[in-house]
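Here the sequence shown is numbered in my numbering, starting from 371 and rising by one per residue. We treat Cβ as the ideally placed atom computed from N, Cα and C, and that holds for glycine.
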Amino acid sequence: MKTILITLARVEDAVRYARYAGLATHAAAAHGARFLTRGAPLETLEGQMGVNRAVVSLFDSPDAARTYYRSQQYQAARLERLGAAQFEMVMAQYTEPEA
């Protein structure tokens with residue numbers, strides 16, 4: 371069952387976040403992820419989370435997404451990000467678009 375990993379971020383330090391993004395991108399590629407969208411600008415239609423960045427990644431399975439998140443590569447990237455951005459990261463089952 372394919373899984374999407376949704377990341378919503380409020381970036382506070384663009385330079386440090388860029389370092390994180392480079393490392394996280396390499397980690398995701400190493401775990402077979404495909405990016406469906408990443409970046410900005412965003413338009414908030416509802417809510418006040420203050421999010422200014424969104425990334426949606428597609429993985430082959432929930433286990434693949436978890437393995438990516440728990441990997442040494444991603445955890446090293448995550449350490450770069452601490453203090454540079456506030457994150458919400460969730461997994462959801464991917465549903466193929468109808469024809």
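In angstroms with no decimal places, state the Cα-to-Cα distance between residue i and residue j.
| i | j | result |
| --- | --- | --- |
| Tyr-400 | Ala-391 | Looking at the sequence shown, residue 400 is not Tyr but Ala. Approximately 14 Å, taken between the alpha carbons. |
| Leu-406 | Ser-427 | 6 Å |
| Thr-465 | Ile-376 | 14 Å |
| Gln-456 | Ala-394 | 15 Å |
| Ala-398 | Asp-383 | 22 Å |
| Gln-445 | Pro-432 | 18 Å |
Go ahead and pull the three-state DSSP assignment for residue i.
| i | result |
| --- | --- |
| Val-421 | coil |
| Leu-449 | helix |
| Gly-409 | strand |
| Ala-343 | Nothing about residue 343 can be read from this structure; the chain reaches only from 371 to 469. |
Which same chain residues, not among the five before or five after residue i, have their C-beta less than 6 Å away from its C-beta?
| i | result |
| --- | --- |
| Glu-468 | none |
| Val-381 | Tyr-387, Asn-422, Arg-423 and Ala-455 |
| Arg-404 | Leu-428 |
Are residue i and residue j closer than 7 Å when you measure CB to CB?
| i | j | result |
| --- | --- | --- |
| Arg-423 | Ala-379 | yes |
| Ile-374 | Ala-447 | no |
Just to confirm my understanding: we take residue i, look at its own chain, exclude 5 residues before and 5 after, and list those with CB closer than 7 Å. What are they?
| i | result |
| --- | --- |
| Gly-402 | Phe-429, Asp-430 and Ala-434 |
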